[in-house]
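Protein chains: 2
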Amino acid sequence: MSQQPLGTLSTENLQTLYTQYQSKQLALDLTRGKPSAKQLNLADRIDGILESSFVASNTDTRNYGGLDGLADIKALGSWLLDTPESAVIAGGNSSLTMMYQTVLFQKLFNPSWQGEISFLCPTPGYDRHFSICEELGIKMIPVPLVAGGPDMELAEELVSNDKSIKGIWCVPKYQNPTGVTFDDETVARLANLGNLAGDGFIVLWDNAYAVHHLDNKHPDPLADFWALSEAAGTLDSAFLFASTSKISHAGSGVAFMACSDTQRAFFLKHLGMSSIGPDKVNQLRHVKLFPTKSALANHMALHAELIKPRMELVVRKLDEHLKAPSQGEWTRPNGGYFVTFYAPQGTATKIVALAAGLGVKLTPAGATHPYGNDDSDSVIRLAPSFPSVAELDEAMDAFCLCVALATAQ
Amino acid sequence: MSQQPLGTLSTENLQTLYTQYQSKQLALDLTRGKPSAKQLNLADRIDGILESSFVASNTDTRNYGGLDGLADIKALGSWLLDTPESAVIAGGNSSLTMMYQTVLFQKLFNPSWQGEISFLCPTPGYDRHFSICEELGIKMIPVPLVAGGPDMELAEELVSNDKSIKGIWCVPKYQNPTGVTFDDETVARLANLGNLAGDGFIVLWDNAYAVHHLDNKHPDPLADFWALSEAAGTLDSAFLFASTSKISHAGSGVAFMACSDTQRAFFLKHLGMSSIGPDKVNQLRHVKLFPTKSALANHMALHAELIKPRMELVVRKLDEHLKAPSQGEWTRPNGGYFVTFYAPQGTATKIVALAAGLGVKLTPAGATHPYGNDDSDSVIRLAPSFPSVAELDEAMDAFCLCVALATAQ
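This is the structure we're talking about:
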């Protein structure tokens, strides 16, 4: 690759380069936030970790039961969720499932959720949150995600005036896809939102990247949403989620949620109709893998060693090759799995198509928006965790080339 | 315990014995079909069985994805379900969850399931099937479970005349709670039921005890429901379920379902909104544990060594102490987890209460019936798998004493 910044080349030179790149027949994928094999290797000792001892706190983990999860795993849940252990429910392998169930049970059984209902969707956001709304017939209202979190002025105005709004999706730390961490004022105002909204309003607090710092010594601080909700008298609105999917093994981790006693009783009552209890053996494996908070932190530092160079490479390539703001803007996350690239208005679709032409797969433009509608055709989510550093290097050169070409045309 | 059959004692002697038994302060539980610790021990080598090798058929089982389950586990599913491998979906740790999802998705998204809908419930039956109906607002219509399965004459008449009937629950082999296996004619008529019913009718074929014979050499034969449904042109009505919950570890097994291509696409589309894919690592563990059909059969023979003496003890005690039909009747299953005791009409509640007075916990009378309503107050489900043989011996003496006393009074 040329040493000269791609963003400074003439359209003609960019086109020549693009043709050269096509002949490379790349096959690179920056679409999903999947851990790499090296990250997964970090937890491989989980198989066999029980050494044939399946009993924990007088519970035979092998048998049926224990709807709210193994007592011993709740500490891990509380470290991730930043709530009391007693509020934690430990589930199966997916916090997404617990979020879906939370929304489903409210929708089916909460009398104040009848008729048309809506959710606030900080945007850009996580596409699978939006899919749950679409699946369950919940109208989505975008709220811009700005530097400190969702635009709270607008969120407050909306819930005050429109009592059909029953929820808001939040990824408060290293947000998917921007990497933004909500600031203290935003968290406090989110905790208070239930006081402005109509009956049955809930905050879905998806803390998927709670301990996923690039630098363990300098994590983004996040205010205590549980305590703030308690202080605001809105604890019945607070639903917090986390999992070990990006800590142990992505498909066989343990998911957690926390909510108030009232909501807990409601959730477990309905969960019990479809469950024989979670996989407690796998929960016990995770107890052994992460016996202490510092064992967890040490493990996450090993993840950071693999993730940090990739996240930094993405930002460095963008810095090197492109000139903000005429060729786009981008975030500089301190954790999580994503960098958001804000292409100049009206160019995101073109960039994604150009990249596809080079064999670099990107999340479709619009995927980070409710109904897939990015009116400004600007947001592109970059997910650098899965490829090798060498592959990523190549993919980012190709990406910058496509941006330069699309914004030059 | 007296050598004399309890059923032949005078009321006065029975009362004296009852008082003596009270002083024993028993604490025995015959309520749930839980495997005993010895049964669970049979699969303990599952932890560590992967020997750090997590890849199967080019799939890294540790990562996200694979909504329909690991390719390699489908053979095990097909052995249990008796369907083609290509029809199998491998899920999480609970077939109950897959049944709930099946009913939920139809209820929410099948246009022909709108308005009031009903299910046929062969009775006595499995309480957790009935709970799903209650939870989702589905009216339950009991159909007597007779020697060869559900009363098909009645079932056919009902679905022909009442188009609000959209489903039927079946446990076709070693039925819960009777132990009855459906005969060939019944299975064929069940496969044809979709031709008589209105649009969207489904058969929930919960083959929970598919390989759970007391004697591997003499299993009850069960007709091929999949093939019969295909021949009848009703494959879109057939939903088959099974799991390894009573094969490997009860709370951390693998659940399976099978259905037609059309229903599969529908199911997976909706499942995908709430799932990151099942725990494929645990599925791979089960591939290693049961690499062949004969490995599975050999494993089940070890279960039978533990279950058979218990099931036989229940029947022997009833035979020894009680005189049918004046003191009740009972089933003689060749597999499964339960014996059903039909107490003389109007005495089941009394018997359960008397047993509780001796410290012997039985499933509440009526639990085997929709809405908990056993109008004849007769059916008591006995679940002998969990206690030790010595405990069970004592519990059955106490039970027979309570029956003799209740029917003498």
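Residue numbers (the working numbering), protein chains in the order written: chain A, 1 to 409; chain B, 1001 to 1409. Where is the CB? At the ideal position from N, CA and C, for every residue including glycine.
Please go through the same chain and pick out, in chain order, the residues whose beta-carbon is closer than 8 Å to the beta-carbon of residue i, but skip the five residues on each side of it.
i: residue 1026 of chain B; result: 1358, 1359, 1360, 1394, 1395, 1398
i: residue 144 of chain A; result: 122, 123, 150, 151, 154
Report buried or exposed for residue i, applying the criterion of at least 16 other Cβ atoms within 10 angstroms of its Cβ.
i: residue 4 of chain A; result: exposed
i: residue 332 of chain A; result: exposed
i: residue 55 of chain A; result: exposed
i: residue 290 of chain A; result: buried
i: residue 1489 of chain B; result: No answer is possible for residue 1489 of chain B: the residues shown for chain B start at 1001 and end at 1409.
i: residue 1151 of chain B; result: buried
i: residue 409 of chain A; result: exposed
i: residue 19 of chain A; result: exposed
i: residue 1066 of chain B; result: buried
i: residue 63 of chain A; result: buried
i: residue 233 of chain A; result: exposed
What did DSSP end up calling residue i once you bin it into helix, strand or coil?
i: residue 105 of chain A; result: helix
i: residue 1335 of chain B; result: strand
i: residue 273 of chain A; result: coil
i: residue 144 of chain A; result: strand
i: residue 254 of chain A; result: coil
i: residue 329 of chain A; result: strand
i: residue 198 of chain A; result: coil
i: residue 1217 of chain B; result: coil
i: residue 137 of chain A; result: coil
i: residue 383 of chain A; result: coil
i: residue 1284 of chain B; result: helix
i: residue 1342 of chain B; result: strand
i: residue 410 of chain A; result: Residue 410 of chain A is absent from the model: chain A starts at 1 and stops at 409.
i: residue 1167 of chain B; result: strand
i: residue 28 of chain A; result: strand
i: residue 34 of chain A; result: coil
i: residue 361 of chain A; result: strand
i: residue 1266 of chain B; result: helix
i: residue 111 of chain A; result: helix
If you draw a straight line from the C-alpha of residue i to the C-alpha of residue j, how long is it?
i: residue 1016 of chain B; j: residue 1022 of chain B; result: 10 Å
i: residue 141 of chain A; j: residue 111 of chain A; result: 22 Å
i: residue 179 of chain A; j: residue 336 of chain A; result: 6 Å
i: residue 1010 of chain B; j: residue 1407 of chain B; result: 11 Å
i: residue 86 of chain A; j: residue 227 of chain A; result: 14 Å
i: residue 1273 of chain B; j: residue 1346 of chain B; result: 48 Å
i: residue 1355 of chain B; j: residue 1251 of chain B; result: 29 Å
i: residue 199 of chain A; j: residue 1049 of chain B; result: 51 Å
i: residue 1330 of chain B; j: residue 241 of chain A; result: 49 Å
i: residue 411 of chain A; j: residue 320 of chain A; result: Residue coverage of chain A in this structure runs from 1 to 409, which leaves residue 411 of chain A outside it and unanswerable.
i: residue 1210 of chain B; j: residue 1262 of chain B; result: 25 Å
i: residue 1248 of chain B; j: residue 1376 of chain B; result: 37 Å
i: residue 1298 of chain B; j: residue 1237 of chain B; result: 33 Å
i: residue 1057 of chain B; j: residue 1323 of chain B; result: 59 Å
i: residue 1012 of chain B; j: residue 1383 of chain B; result: 30 Å
i: residue 1258 of chain B; j: residue 1159 of chain B; result: 23 Å
i: residue 115 of chain A; j: residue 1147 of chain B; result: 47 Å
i: residue 1103 of chain B; j: residue 1224 of chain B; result: 23 Å
i: residue 95 of chain A; j: residue 1309 of chain B; result: 43 Å
i: residue 260 of chain A; j: residue 113 of chain A; result: 18 Å
i: residue 280 of chain A; j: residue 1281 of chain B; result: 15 Å
Note down, in chain order, each residue of its chain lying with its Cβ closer than 7 Å to the Cβ of residue i, except the 5 sequence neighbours on either side.
i: residue 36 of chain A; result: 306, 385, 386
i: residue 130 of chain A; result: 121, 140, 370
i: residue 1364 of chain B; result: 1352
Tell me which residues share the same chain as residue i and place their Cβ nearer than 6 Å to its Cβ, disregarding the 5 neighbours each side in the sequence.
i: residue 1039 of chain B; result: 1303, 1306
i: residue 177 of chain A; result: 124, 338, 340, 368, 381
i: residue 1118 of chain B; result: 1139, 1141, 1164, 1165
Which residues in chain C have a C-beta closer than 9 Å to the C-beta of residue i? List them in chain order.
i: residue 35 of chain A; result: Chain labels in this structure do not include chain C; the protein chains are A and B.
Self-check item: Cβ-based contacts, 9 Å cut-off: residues of the stretch 260-276 of chain A near chain B
Solution: 270, 272, 273, 274, 275, 276
Practice problem: Taking only beta carbons into account, state which residues of the stretch 1087-1107 of chain B come closer than 7 Å to chain A, listed in chain order. | Solution: 1092, 1093, 1094, 1096, 1097, 1100
Self-check item: Members of the stretch 1058-1071 of chain B that neighbour chain A once the beta carbon cut-off is set at 8 Å
Solution: 1060, 1061, 1062, 1063, 1064, 1065, 1066
Quiz item: At a Cβ cut of 7 Å, what residues of the stretch 121-137 of chain A count as close to chain B, listed as they run along the chain?
Solution: 131, 132, 135
Exercise. Pull out every residue of the stretch 274-303 of chain A whose Cβ sits closer than 7 Å to any Cβ of chain B, in chain order.
Key: 274, 275, 276, 277, 279, 280, 281, 282
Quiz item: the stretch 1224-1253 of chain B: which residues have C-beta closer than 8 Å to a C-beta of chain A, in chain order?
Solution: 1245, 1249, 1250, 1251, 1252
Quiz item: Looking at chain A, which residues of the stretch 1177-1210 of chain B have a Cβ within less than 7 Å of any of its Cβ atoms?
Solution: none
Quiz item: Using Cβ-Cβ distances below 8 Å, what residues of the stretch 1360-1391 of chain B are close to chain A?
Solution: none
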